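J.: If you use our numbering, the sequence shown corresponds to residues 79 to 456, in order.
What follows is a structure written as structure tokens; I'll ask about it next.
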Amino acid sequence: MTALTGAWKLATVFGIDIRLHFSVVFILLLIISSLGTGLLPEWHPEWTALTTWSAATLSGVLFMMSLLAHELSHALTGRSRGIETKGITLFLFGGLAEMGKDADRPQDEFLIAAAGPAASLALAVLFYWLARALSGGALDVAELDFSQLAPAATVCLWLSAVNFMLALFNLLPGFPLDGGRVFRALLWWWSGDMVQATRRAARLGSLFGWMLVAWGVLQVLQGDLVGGLWLVFIGWFLHRLAEASATHILMTRKLEGFDVADVMRTRFERVPLETSVRSFVDDYVLRSTQILWPIEDGGRDVGYLTTDRLAGGETSLKQMMVPLPGDEVLSPDLDVNAALARLANQVAPLPVVVGTRVVGIVHQADILRWLALHERYG
Ligand SMILES: [Zn+2]
């Protein structure tokens with residue numbers, strides 16, 4: 079997965095880039111303000127405003143660090159199984175570790191998926207133990223009676239509770255949440271059939287999403303409009319995410335072992351460099367569905383044009399074209415999945431170049447069409 083847009087880099091830990099999405103600020107402020115105006119004054123009306131807001135801010139920041147620890151746990155377990163993580167982005171729904179690839183073995187997938195909730199559980203235990211120690215062990219922390227605790231112990235007990243909830247939430251069977259991935263890994267491990275395990279996990283994840291939607295609708299009918307709509311939104315999001323993740327995994331799997339040369343378009347026309355812009359539009363673009371046009375000069379391809387670059391006002395093809403050789407081109411022996419990752423960031427197709435010659439053109443849609451045809455006739 080690529081990094082979310084709107085995220086800025088915070089630090090690098092163990093060689094992994096830690097990024098914050100701007101939505102984190104929103105969530106952080108929400109947590110701090112709900113603690114500062116709601117929970118903390120309720121538990122401790124005797125605290126000064128300074129104590130209350132310091133405790134609220136510390137809790138919010140430590141909660142974000144707990145999320146980070148959860149994701150780092152995924153990432154470092156992945157690294158120990160030979161899968162590198164490029165970066166971790168904290169955003170509205172928690173964290174997102176960008177793994178370089180999917181696990182090849184169910185055992186690895188299981189360990190990587192389980193590592194996050196395990197870290198959250200460990201933090202829950204750690205903060206609980208700290209709250210106990212800070213309260214002198216005399217107070218009954220087990221009853222979650224915050225009102226008897228000093229500020230530091232209150233913060234620790236709250237962090238213990240939220241980390242525990244974080245572990246539980248992530249263990250829900252909604253694929254690709256951790257719980258759904260653990261479920262998929264276990265099915266895959268047991269049956270040896272990765273494709274079927276992925277389909278089943280996605281179906282369960284999708285069903286779980288719809289159950290949340292139904293629950294949300296029920297809440298709305300009972301008068302809780304905001305809470306209900308929020309559940310509907312999360313449920314629908316999980317349903318879509320389950321399907322999209324499964325499609326992505328299964329497609330990646332089917333395309334394994336194929337090169338760009340297998341899926342590229344090899345029937346296309348070239349445009350001579352001296353062609354006028356007017357003639358290029360009238361005689362080429364308007365008479366073909368071809369979107370990418372190699373520009374030829376003396377037997378060499380000196381550049382290429384995609385129709386989305388036609389903005390009007392240009393005087394020559396040379397002025398408009400992307401010059402070749404460029405770095406934004408594909409090579410025929412590139413893995414199809416790597417090519418798809420490159421194409422995912424842009425709308426236009428890319429040329430496949432060998433030396434000074436364009437030998438093919440790859441569209442994202444072509445790969446999907448190729449996959450469908452290949453399944454039928456391959
Ligand atoms: Zn996780």
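We treat Cβ as the ideally placed atom computed from N, Cα and C, and that holds for glycine.
What you are looking at is a predicted structure, and each value in this text was computed from that prediction instead of being measured.
According to DSSP, is alanine 450 part of a helix, a strand, or is it coil?
T.: Three-state result, alanine 450: helix.
J.: Taking DSSP as the reference, what is the three-state secondary structure of proline 429?
T.: Residue state, collapsed to three classes: strand.
J.: Would serine 445 pass as a contact of leucine 428 if the rule is Cβ separation under 9 Å?
T.: It should be noted that the sequence gives isoleucine, not serine, for residue 445. Result no, Cβ atoms of isoleucine 445 and leucine 428 do not sit closer than 9 Å.
J.: To which residues of the same chain is valine 273 closer than 8 Å at the C-beta, ignoring the five residues directly before and after it?
T.: Counting only Cβ-Cβ distances below 8 Å, and skipping sequence neighbours, we find Leu328 and Arg331.
J.: Distance check for isoleucine 312 and leucine 208, CA to CA, integer angstroms please.
T.: Cα to Cα, leucine 208 sits roughly 33 Å from isoleucine 312.
J.: By the 10 Å Cβ neighbour count, where 16 or more other Cβ atoms means buried, how is alanine 211 classified, buried or exposed?
T.: With fewer than 16 Cβ atoms within 10 Å of its Cβ, alanine 211 is classed as exposed.
J.: Go through its chain and collect everything with a Cβ distance to alanine 245's Cβ below 7 Å, but skip five positions before and after it.
T.: For alanine 245, where only same-chain residues beyond five positions count, the Cβ hits under 7 Å are Pro195, Ser198, Leu199 and Ala202.
J.: Would DSSP call methionine 177 helix, strand or coil?
T.: DSSP places methionine 177 in strand when its eight states are reduced to three.
J.: Around ligand 1, what residues have a beta-carbon under 6 Å from a heavy atom of it, in chain order?
T.: After applying the 6 Å Cβ criterion, the set is His148, His152, Gly194, Asn248 and Asp256.
J.: How far does the beta strand (DSSP E) with tyrosine 206 in it extend, from its first residue to its last?
T.: From DSSP, tyrosine 206 is part of no beta strand (DSSP E) but of the alpha helix (DSSP H) over 184–212.
J.: Give the secondary structure of valine 310 by DSSP, where H, G and I count as helix, E and B as strand, and everything else as coil.
T.: Valine 310 falls in the helix class under three-state DSSP.
J.: Is the number of C-beta pairs between the stretch 400–409 and the stretch 343–361 that are closer than 8 Å three or more?
T.: At 8 Å Cβ cutoff, the stretches do not touch.
J.: Might you give, ordered along the chain, the residues of its own chain that have their beta carbon closer than 6 Å to the beta carbon of threonine 80, omitting 5 neighbours on each side?
T.: Note that threonine 80 scores 44 on pLDDT, short of 50, meaning its location in the model is unreliable and no value can be drawn from it.
J.: May I have a chain-ordered list of the beta strand (DSSP E) segments no shorter than 3 residues that lie completely inside the stretch 226–252?
T.: You should have found no qualifying run.
J.: Should glutamate 191 and histidine 152 be called a contact, given that it needs their Cβ atoms to be closer than 9 Å?
T.: For the sequence presented, residue 191 should be read as alanine rather than glutamate. Against a cut-off of 9 Å, the Cβ pair of histidine 152 and alanine 191 comes out as a contact.
J.: With a threshold of 16 other CB atoms inside 10 Å of the CB of methionine 243, please say whether the residue is buried or exposed.
T.: Classification for methionine 243: exposed.
J.: Give the C-beta separation of tryptophan 266 and alanine 275 to the nearest angstrom, bearing in mind that I take them to be a contact with Cβ-Cβ under 8 Å.
T.: Right, their Cβ atoms sit about 4 Å apart.
J.: Within 8 Å, do at least three Cβ pairs link the stretch 317–324 to the stretch 360–368?
T.: Too few Cβ pairs lie closer than 8 Å, so no.
J.: Hey, is the stretch 123–133 in contact with the stretch 159–166, meaning 3+ C-beta pairs nearer than 8 Å?
T.: As far as the Cβ criterion goes, the stretch 123–133 does not touch the stretch 159–166, which means the pair count is below three.
J.: By DSSP, does glutamate 459 sit in helix, in strand, or in coil?
T.: No answer is possible for residue 459: the residues shown for the chain start at 79 and end at 456.
J.: Residue range of the alpha helix (DSSP H) that asparagine 104 falls in?
T.: Note that residue 104 is phenylalanine in the sequence shown here, rather than asparagine. 100–112 is the extent of the alpha helix (DSSP H) around phenylalanine 104.
J.: According to the neighbour-count rule (16 or more other Cβ atoms, all chains shown, within 10 Å of its Cβ), is phenylalanine 92 buried or exposed?
T.: Exposed, since its Cβ has fewer than 16 Cβ neighbours within 10 Å.
J.: My output table needs one value for leucine 255: the three-state DSSP class, helix, strand or coil.
T.: Reduced to three states, the DSSP call for leucine 255 is coil.
J.: Taking its Cβ as the centre, do 16 or more other Cβ atoms sit within 10 Å of alanine 133, making it buried, or is it exposed?
T.: When all chains shown are included, alanine 133 counts as buried.
J.: Can you tell me whether DSSP reads arginine 435 as helix, strand or coil?
T.: DSSP places arginine 435 in strand when its eight states are reduced to three.
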